[in-house]
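As structure tokens, the structure follows; a few thoughts come after it.
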Amino acid sequence: MTQRLSELLALHWSGEISAAEKAELDELLLQHPGDWLKAGMIEQLSFQKKMVVDDADTERLMARVSNAIGDEYLEAPAVNTEPPKRRFRARRVLVPLLAMICLAGAGLGYLYWQSSFPGYKIVTTDAGMKTKIRLMDGSTILLNAGSTLRYPEKMDKSVREVYLTGEAFFDIKHAASRPFIIHAEKMDVRVLGTSFNIRSYKEEDFEETAVISGAVEVRVKEGQQVLRVTPNEKVLLRKATATTESKQANYNNHRKEQLVIERQPLSPVSSTDSSHVLETAWINNQLIFQNETLSVLAQRLERWYGVKIAITDPQLAGQRFSGRADNVSIEKLLNILQEIQPFKYSIQGDVITIN
Amino acid sequence: MTMSSKAADYSSFWALGDLAVFKQMMKAFSPSLRYFACSIVGNEAEAEEVVADVFIKIWQQRAQVTPPDNVQYYLFKAVKNTALNYLKQNGRRQTHLAAWEVEVSHHHAQNPEDILINKEQLDHIQAAIQSLPPRCRQIFILVKEEGFSYEQAATLLDLSKATVNVQMTIALKKIWAALGPTLKYSYS
Chain A
212 MTQRLSELLA LHWSGEISAA EKAELDELLL QHPGDWLKAG MIEQLSFQKK
262 MVVDDADTER LMARVSNAIG DEYLEAPAVN TEPPKRRFRA RRVLVPLLAM
312 ICLAGAGLGY LYWQSSFPGY KIVTTDAGMK TKIRLMDGST ILLNAGSTLR
362 YPEKMDKSVR EVYLTGEAFF DIKHAASRPF IIHAEKMDVR VLGTSFNIRS
412 YKEEDFEETA VISGAVEVRV KEGQQVLRVT PNEKVLLRKA TATTESKQAN
462 YNNHRKEQLV IERQPLSPVS STDSSHVLET AWINNQLIFQ NETLSVLAQR
512 LERWYGVKIA ITDPQLAGQR FSGRADNVSI EKLLNILQEI QPFKYSIQGD
562 VITIN
Chain B
1020 MTMSSKAADY SSFWALGDLA VFKQMMKAFS PSLRYFACSI VGNEAEAEEV
1070 VADVFIKIWQ QRAQVTPPDN VQYYLFKAVK NTALNYLKQN GRRQTHLAAW
1120 EVEVSHHHAQ NPEDILINKE QLDHIQAAIQ SLPPRCRQIF ILVKEEGFSY
1170 EQAATLLDLS KATVNVQMTI ALKKIWAALG PTLKYSYS
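Sequence order for the protein chains is A and B.
According to my numbering, the first sequence is numbered sequentially starting from 212.
According to my numbering, the second sequence is numbered sequentially starting from 1020.
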């Protein structure tokens, strides 16, 4: 083999050969059939570094990186769950009461669903109710009004899985070998042990996971994106339907639902206590609204007080309100709102008309 | 397998800080990066530290970094820079190259017209690669196994493209010789 031939072959072999050089190479090989055969053999070879590094080395390296970036999934135990626990203790009296009230509703829901999901328990809260569910592993789930939680009667050994519509606060017992997965409408939330709030009401145009302690993994079902959410952070999925805002989209008959994924910090209720955040204020019976339109707020009030609200004035429905109400009656709350923006209302049974 | 995971789409890591994708990326690239780091710093323990540092920095700066076009090349360059800094901090010069071993095999899919390479020939080729000078073997691995261009390999090793070309020709010649004399049967 000539020097030129080996040079050309090396270029070809490395994918660096130009068209002119390739023509020269072909010409040379044509003249030497033996070389041509050998060149063909070399093309068939593939090379791989011998794995001196094994999987354990890679695992160790990944664990090292995970430790440094504060990712607790690989081994670190769940971090402090103090703030939510304190809140639960204060509510020790209220919660059982609420749970008892809910029992009737939950039982109904259970009966209704039992046929479609054998092997599962289903707890449903009506408007104006909350209920606390304690799972076999010691995890607790506080279910907000108008929500449903479905969970297996017998939890699997390798994975704990539940299904949620509506809103709930989860305080999950750490078990590294048994991840806990919450399936919501647009996302699956995967955790090992931590506390966080998930809000996923069908009638609302967003879905969110807000983390209080530990860390969770949110898997957006559409597109299979996985996001890691750390304490004091939330992931918000906006269900943006291409309607009025985008005339062009309407024109083309694009009515496909789009998901907008956002990361946001949690919103502290007061500037002095950062552990008390808007996202979990409902646990303490605090109704907090920030820059919400009356129509959106009305949806929450319907769930919160178990009433029906009709707003007859569309302009009023779009008015925005901010405020806070701790354990007040619906009349009192409406009176507060009236001070912000004057309107009239009438109550007939559990139907409230605002005009 | 290795190739497909290296060519996978890691864009959602840069766009959204997708942790699972970040982990896939670590898993796919860290063995190769470890070898490469080792060829600069000279030992396994420090190589691991260098590669871990690169990934930690990438995670921390994920929001500021423009997503690279070629993730593999980007990671190799980051490892090179980190490793060289590491040597500088420790007041050392690049001493010796890690002994990278290379395994030779057939392409998996064989055409019927492919000429079979027998076990003996494979062993010879294996031995030939093993006997390549360290620098030559390092270039050979970057080009043939990692699939880098001459240009990229040259940048990663602070060499000229011409040097890469020369070294690759040497490697080819060795393998050529290891294949033995041309086929013994004759055309009739």
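By construction, the Cβ of each residue, glycine as well, lies at the ideal position given by its N, Cα and C atoms.
Taking C-alpha positions only, A/E428 is separated from A/G339 by approximately 30 Å.
A contact is defined here as three or more CB-CB pairs under 8 Å, and the region 540-557 of chain A fails this definition with respect to the region 391-406 of chain A.
Note that the region 1181-1189 of chain B does not touch the region 1085-1100 of chain B; fewer than 3 beta-carbon pairs, one per stretch, sit closer than 8 Å. By DSSP's assignment, A/N408 forms a beta bridge with A/F380 and A/A421. The beta carbon of A/L353 sits closer than 7 Å to the beta carbons of K341, K343, A379, F380 and I494 from its chain, once the five residues preceding and following it are set aside; these are given in chain order.
Buried is the label assigned to B/K1193, since at least 16 other Cβ atoms lie within 10 Å of its Cβ. The three-state secondary structure of A/L346, taken from DSSP, is coil.
For A/E428, the nearest beta carbon of chain B is closer than 8 Å to its own beta carbon. DSSP, reduced to helix, strand and coil, places A/Q255 within a helical segment of the structure shown.
Listed in chain order, the positions of the region 1179-1195 of chain B with a beta carbon within less than 8 Å of a beta carbon of chain A are N1184, M1187, T1188, A1190, L1191, K1192, I1194 and W1195.
The alpha-carbon of A/I392 is positioned some 42 Å away from that of A/F258.
For A/T441, there is no enclosing beta strand (DSSP E), as DSSP marks it with neither H nor E. Here B/V1084 is not near B/I1075, since their CB atoms are 8 Å or more apart. For the region 1026-1054 of chain B, residues whose beta-carbon sits nearer than 8 Å to a beta-carbon of chain A comprise S1031, L1035, G1036, D1037, L1038, A1039, V1040, K1042, M1045, K1046, S1049, P1050, S1051, R1053 and Y1054. Pairwise C-beta distances place the region 529-537 of chain A in contact with the region 489-504 of chain A, as three or more of them are shorter than 8 Å. Interface annotation, A/L256: in contact with chain B, CB-CB separation under 8 Å. Listed along chain B, the residues sitting closer than 7 Å to A/L220 by beta-carbon distance are L1191. With respect to A/L346, A/L360 sits apart: the two C-beta atoms are not nearer than 8 Å. Annotated three-state conformation of B/N1109 is coil, per DSSP. One finds L1191 in chain B with Cβ atoms closer than 7 Å to the Cβ of A/W224, taken in chain order. Residue contact check for A/R439 against chain B: a CB pair falls below 8 Å. Of all residues in the region 1075-1091 of chain B, only I1075, W1078 and Q1079 place a beta-carbon less than 9 Å from a beta-carbon of chain A. For B/L1198, at least one C-beta of chain A is nearer than 8 Å to its own C-beta. Not a single CB atom of chain A sits nearer than 8 Å to the CB of B/V1060. Counting only residues of its own chain and dropping the five nearest sequence neighbours on each side, B/D1037 has a CB closer than 7 Å to the CB of S1031. Collapsing the DSSP output to three states places A/E473 in a strand. Burial of A/N408 is indicated by the presence of at least 16 other C-beta atoms within 10 angstroms of its C-beta. Taking the Cβ atoms as the reference, A/V471 lies roughly 4 Å from A/R449, within the contact range of under 8 Å. If you check the CB distance, A/Q475 and A/E414 do not come in under 8 Å. Across the region 1152-1182 of chain B, CB contacts with chain A closer than 7 Å involve I1160, V1162, K1163, E1164, S1168 and Y1169, in sequence order along the chain. Taken through DSSP and simplified to helix, strand or coil, B/K1180 comes out as helix.
Under DSSP, the beta-bridge partners assigned to A/Q559 are A/V562.
If you look at A/N278, you'll find it in the alpha helix (DSSP H) that goes D266 to A279. When DSSP states are grouped into helix, strand and coil, A/P553 belongs to the coil group. Residue pairing by DSSP puts A/A521 in a beta bridge opposite A/T564. The beta-carbon of B/E1122 is placed less than 8 Å from the nearest beta-carbon of chain A.
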